[in-house]
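S.K.:
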Amino acid sequence: MNLLLAQLAVENTTYRFDKPFTYIVPEALRAAVCPGVRVTVPFGSGNRTRVAMVLALQEAEQPDSRLKAILKTLDDEPLLSAEMLELVPWMKSRYYCTLFEAVKLMIPAGIGYKIVNRYRISAAFKDYDRTLYGDLEWQIIQQLSNAKQGMTGAQLMVKLGIDEKCDALCGLLEKGIVIRENAASRNMGDATSKMICAVPDFSGTLSPKQQSAFDTLCDVGTVSVRELSYFTGVSTAVIKALADKGAAEIFEVERFRRPKLSAAEQNALPKTLSPEQARVAQEILRECDAPEPSVALLYGITGSGKTAVFMHVIRHVLDAGRGVIVTVPEISLTPQTLAVFTAAFGDTVAVFHSGLSMGERMDEWKRVRSGQAKIVVGTRSAVFAPMQNLGLIVMDEEQESTYKSESSPRYHAREIAKFRTNYNRAYCLLCSATPSVESYYMAKSGKYQYHELLNRYGEAIVPDVRLVDMNSEDLYRGKPLISMALARAVSENLEQGRQSILLLNRRGYHTYAVCRDCKTVVSCPNCSISLTYHAANNRLMCHYCGHSEPAYARCRSCGGELTFSGGGTQKAEDQLREAFPEARILRIDTDTTANKYALEKKLAAFSAGEYDIMVGTQMVAKGLDFENVTLVGVLSADQSLYSDDYRSNERTFDLLTQVVGRAGRGRFRGTALIQTHVPENPYLHLAARQDYARFFETEIRFRRAMLYPPFSDILQIGFVGEKEETVRLAAEEFSARLCETFSRDYPTLPIRLLRASAASVSRMGGKYRYKIIMKYKNTKQFREIIASLIIAFSADKRFSAVTVYADPNPDTIL
DNA sequence: TACTCCATGCAA
DNA sequence: TGCATGGAGTAA
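Each residue of the first sequence is one higher than the one before, counting from 1 in the UniProt record's numbering.
(1) Do you know whose CA, among ALA168, CYS288 and ASP129, lies nearest residue 825's CA?
(2) Return the bridge partner residues of LEU673 from the DSSP annotation.
(3) Does residue 843 come out as helix, strand or coil in the three-state DSSP assignment?
(4) Hey, MET91 and TYR411 are a contact pair by Cβ (cut 8 Å); roughly how many whole angstroms apart?
(5) CB SER500 to CB GLN675, shorter than 7 Å?
(6) Assign PHE799 to buried or exposed, taking buried as 16 or more other Cβ atoms, counted over all protein chains shown, within 10 Å of its Cβ.
(7) Is LEU749 near PRO808, with beta carbons less than 7 Å apart?
(8) Three or more C-beta pairs closer than 8 Å, one from the segment 459-475 and one from the segment 307-326: is that the case here?
(9) Going by the DSSP bridge assignment, what does GLY718 pair with across the sheet?
(10) Buried or exposed for MET706, please, with buried defined as at least 16 other CB atoms from any protein chain shown within 10 angstroms of its CB.
(11) Measuring only the C-alpha atoms, how far is ILE416 from PRO329?
(12) Could you give the DSSP three-state label for PRO42: helix, strand or coil?
(13) Considering only C-alpha positions, which residue in the set ILE613, LEU729, ASP638 and CYS739 is nearest to HIS685?
(14) For the alpha helix (DSSP H) containing PRO89, name the first residue and the last one.
(15) For THR302, collect the residues of the same chain with a Cβ closer than 6 Å to its Cβ; drop the 5 residues on either side in sequence, then sort them by chain order.
(16) By DSSP's criteria, GLN139 is part of a beta bridge. Which residues make up the other side?
(17) List the residues that DSSP assigns as beta-bridge partners of VAL103.
(18) State the beta-bridge partners of PRO550 as determined by DSSP.
(19) So is TYR805 buried or exposed if we call it buried at 16+ other beta carbons inside 10 Å?
(20) With respect to the beta strand (DSSP E) encompassing residue 834, which residues constitute its N-terminal and C-terminal limits?
(21) GLN496 to PHE580, Cα distance in whole Å?
(22) What does the alpha-carbon distance come out to for the pair residue 872 and HIS677?
(23) How about VAL802 and ALA756: are their beta carbons less than 7 Å apart?
(24) DSSP state of ALA124, grouped into three classes?
(25) Rounded to whole angstroms, what's the CA-CA distance from LEU641 to SER648? Just pull it up for me.
(26) Does DSSP put GLY189 in a helix, a strand or coil?
(27) Taking one C-beta from the segment 597-617 and one from the segment 525-539 each time, how about it: are there three or more such pairs within less than 8 Å?
(28) Is it true that the CB of THR40 sits closer than 7 Å to the CB of LEU87?
(29) Give me the DSSP bridge partner(s) of LYS350.
(30) Using the three-state DSSP reduction, which class does LYS175 fall into: helix, strand or coil?
(31) Taking LEU173 as the reference, give the member of SER224, SER445, ILE121 and SER185 with the closest Cα.
(32) Considering SER735, what are the terminal residues of the alpha helix (DSSP H) in which it resides?
(33) Quick one: grab the DSSP three-state call for ARG587.
(34) Find the nearest neighbour of THR563 within the set SER557, ALA553, VAL376 and THR569, judged by alpha-carbon distance.
(35) If you measure between the beta carbons of GLN658 and ALA687, is that distance less than 7 Å?
(36) Given this structure, state the Cα-to-Cα distance separating VAL394 from ALA278, to the nearest angstrom.
See below:
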């Protein structure tokens, strides 16, 4: 009888030695092992048990003696379809990730098995003589003798406070008294947020830190653990200790709920399409029904009703019996968004979102795979939904950077969408009011289909936008964040009982503190970045690594007085309160909306007219739709304009266009004021006029001249490590090898290599960062060269303390 | 001679 | 990453 072999993606491999591993399928498992099923296998010289995914099966004549056999299967039926199994190696080659990293994206987190160590007393062990063992050893023996099932490493940690690698345990293992086994165990639990409330009559002793946390807690009542940690600056360990001492209670609440059908009814979209919408929808349907797969860009100015159009298309595809995936950026996956879909499509909608509990995530995943759900709505990872017979993928706001993964596998959802569109002979619809330059270029050059909506739906008209020159404009009563012009507009708006939205894309109170005498900037101990002063908790905080310490007034190095400057949202809120004492002001940023419900509640309250002014970070800039908002103010448009990143123009244009589009979505004409110190900057004027076409013309010329995407692909190779010198050397060495390889072996390949340099935030979380930027043509040959260079490099002992990664078309190249 | 420690290399 | 292997060094 022939031998059956399986190609497996094994978990916990490193990129250096990752590849499909071949295992023997034992006779007994022949029926159960098939592609897409997970198995456990012995791996490595110690034959430790690991989870692996079956990628493919093959027959073999003669058995190779080096091959090991599969231990058992973990699934009764395949988790991955042929399509997904094909996508796995595709992703490995493009994103320089391991096979199993790709697999993990495609299966719901709750379904994951983890390999855990279990310890139990050897059956042969009889020698219960206390005098033979040390205290700790004896405790371990006692504990394990009592546990029939044995104990996991984690359980031992909890009971005895010992590490799995401690001497006592290792000693017992060596003597054969304790036996270690490892087995796959299901890791299921619920993604909830931890809330904490004080036990008021608590009368024990507390450490100073615990006391301060306790006092705060008594003042505020119930808060999330995260918020408490923000306000008091203590670590979660301190908070936990508080609960252990009985001073507080920690409980969990579900973070996310599916909208009820009844609530959804109110959010139904208008049933009728405008003539323009109907015409575009018809065109799209025609392409959609064509047998060939295609990608299309739907450009529609803000308020033109793109949603209504693609809902129409979705309906059509569903009616034809095919499945639909809709992706939205993180920020716009709100209960309102879901309600729109639930209202239109009822129970056939499944939701993919990081806020779901693991159980829910798994349920939704199964509903999709089984075909009960025909439409998936979710964020980036929803493009991997196990939809059979996929007919349509809609990407709303396709330019959003949340579609690009910032950790391995560093994929872009748009690329995965295109792969699936081709595989399924389906249709991919990219939607945006400010498309990415790359997508618009593809549409203009005929690689994508192109459709546009140029009129606002209903009576809404495009807002009137003005730039306010902060160099010449008088400030309102000495308030540096608010100009006279903006103050007048806000006050008029208040008088008319309308609402205003103000954008300031920086959190905190003061964004900068510097010593008057020695000019030292107060910066994070772990990152090369200045600390932001937060008035809400009187602390200095790092927005990169989360470091936080109590604020102080005197310079740490010379004792001089600190000068605080730079305004964030907290300061803006303060100044607005002083300027408009009668106005009801709402601040929205990640500090005020630590949990999901807080944001929901606040937006609902604003929508109900309980506030007059909303001031916030980019959270307020996108996707919100409030009838009564007629004024939008951008407090400072300047931050993103002068960074070196090649996408900064695009980002500025996008943000401004979007936020301006929040004004006048109802019956009244909207106004927008953009405050800037550089009123001559052309991109501000283009955004003010909402002139995407001209923006594109300007930008594409720059991209062509500089050979940036879409005229080349970019690869960033990043180096991270503790010692700056080593990291720098690693980057330089890699750069040298790159040059050498390309000039010696592939002199004909077009490539531009930029010198290795420190990342713009050169230190983050205590680690130094360097990068190499390359402009090249993303071909198979090129990718293979890079992959082999990375593998060779990570084998170099000199740089073992440096991690290398490759990021194709990164979101930023800073 | 026996044993520990660490650098090295490999994973099916 | 994590484990086995073996050579170097050390103690007896």
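Just so you know, even glycine gets a beta-carbon here, dropped at the ideal spot from N, CA and C.
None of these values were measured; they are calculated from a predicted model.
M.R.: Let's see:
(1) Absent from the structure is residue 825, since the part of the chain shown begins at 1 and ends at 814.
(2) Your numbering for residue 673 matches position 673 in the first sequence. Per DSSP, ARG466 and GLY633.
(3) Nothing about residue 843 can be read from this structure; the chain reaches only from 1 to 814.
(4) The sequence position of residue 91 within the first sequence is 91, counting from 1. The sequence position of residue 411 within the first sequence is 411, counting from 1. The pair is a contact, with the Cβ atoms about 6 Å apart (cut-off 8 Å).
(5) As a position in the first sequence, residue 500 is number 500, starting the count at 1. As a position in the first sequence, residue 675 is number 675, starting the count at 1. Taking 7 Å as the Cβ cut-off, SER500 and GLN675 do not qualify as a contacting pair.
(6) By one-based count along the first sequence, residue 799 stands at place 799. Buried, because 16 or more other Cβ atoms sit within 10 Å of the Cβ of PHE799.
(7) Taking the first sequence and counting its residues from 1, one reaches residue 749 at position 749. Taking the first sequence and counting its residues from 1, one reaches residue 808 at position 808. Contact flag unset, no.
(8) no
(9) Against the first sequence, residue 718 aligns to sequence position 718. For GLY718, which the question treats as bridged, DSSP gives the partners LYS771 and TYR805.
(10) Here residue 706 corresponds to residue number 706 of the first sequence, with the count starting at 1. Its Cβ having fewer than 16 others within 10 Å, MET706 is exposed.
(11) Your numbering for residue 416 matches position 416 in the first sequence. Your numbering for residue 329 matches position 329 in the first sequence. Taking the straight line from one Cα to the other gives about 15 Å.
(12) In the first sequence, residue 42 corresponds to position 42, counting from 1. Note: PRO42 maps to strand in three-state DSSP.
(13) Start at 1 with the first residue of the first sequence, and residue 685 comes out as number 685. Of the listed residues, the one whose Cα sits closest to HIS685 is ASP638.
(14) Here residue 89 corresponds to residue number 89 of the first sequence, with the count starting at 1. Its alpha helix (DSSP H) spans residues 82-95.
(15) Start at 1 with the first residue of the first sequence, and residue 302 comes out as number 302. Counting only Cβ-Cβ distances below 6 Å, and skipping sequence neighbours, we find ALA433 and GLY661.
(16) As a position in the first sequence, residue 139 is number 139, starting the count at 1. Paired residue(s): none; GLN139 is not in a bridge.
(17) The residue you call residue 103 lines up with position 103 of the first sequence. According to DSSP, VAL103 bridges with nothing at all.
(18) For the purposes of this step, residue 550 is taken as the residue at position 550 of the first sequence. PRO550 is bridged to ARG539.
(19) The residue labelled residue 805 in the question sits at position 805 within the first sequence. Buried, because 16 or more other Cβ atoms sit within 10 Å of the Cβ of TYR805.
(20) Because the chain is modelled from 1 through 814, residue 834 falls outside the range shown and cannot be assessed.
(21) The residue you call residue 496 lines up with position 496 of the first sequence. The residue you call residue 580 lines up with position 580 of the first sequence. Answer to the nearest angstrom: the Cα atoms are 14 Å apart.
(22) What is shown of the chain runs 1 to 814, which leaves residue 872 out entirely.
(23) Indexing the first sequence from 1 puts residue 802 at position 802. Indexing the first sequence from 1 puts residue 756 at position 756. No. Outside cutoff.
(24) Taking the first residue of the first sequence as position 1, residue 124 is located at position 124. Correct three-state label for ALA124: coil.
(25) Along the first sequence, read from residue 1 onward, the residue named residue 641 stands at position 641. Along the first sequence, read from residue 1 onward, the residue named residue 648 stands at position 648. Answer to the nearest angstrom: the Cα atoms are 6 Å apart.
(26) If you number the first sequence from 1, residue 189 lands on position 189. Summary for GLY189: the model assigns pLDDT 49, below 50, so the residue's position carries little reliability; its value from the coordinates is reported in the next sentence. In the structure shown, GLY189 sits in coil (DSSP, three-state: anything other than H, G, I, E or B).
(27) no
(28) One-based indexing of the first sequence puts residue 87 at position 87. One-based indexing of the first sequence puts residue 40 at position 40. Not a contact, by the Cβ cut-off of 7 Å.
(29) The residue you call residue 350 lines up with position 350 of the first sequence. Per the sequence shown, the amino acid found at residue 350 is Ala instead of Lys. DSSP, once it has assigned bridges, lists VAL376 as partnering ALA350.
(30) Here residue 175 refers to the residue found at position 175 when the first sequence is read from its first residue. Coil at LYS175, not helix or strand.
(31) For the purposes of this step, residue 173 is taken as the residue at position 173 of the first sequence. When only C-alpha atoms are compared, the closest one is ILE121.
(32) Position 735 of the first sequence, counting from 1, holds the residue named residue 735. Residues 724-745.
(33) In the first sequence, residue 587 corresponds to position 587, counting from 1. If DSSP states are grouped into helix, strand and coil, ARG587 belongs with the strands.
(34) Here the question's residue 563 lines up with position 563 in the first sequence. Answer by Cα proximity: ALA553.
(35) What you label residue 658 is simply residue 658 of the first sequence in a count that begins at 1. What you label residue 687 is simply residue 687 of the first sequence in a count that begins at 1. Cβ atoms of GLN658 and ALA687: not closer than 7 Å.
(36) Here residue 394 is taken as the residue at index 394 of the first sequence, counted from 1. Here residue 278 is taken as the residue at index 278 of the first sequence, counted from 1. The straight-line gap from Cα to Cα measures roughly 18 Å.
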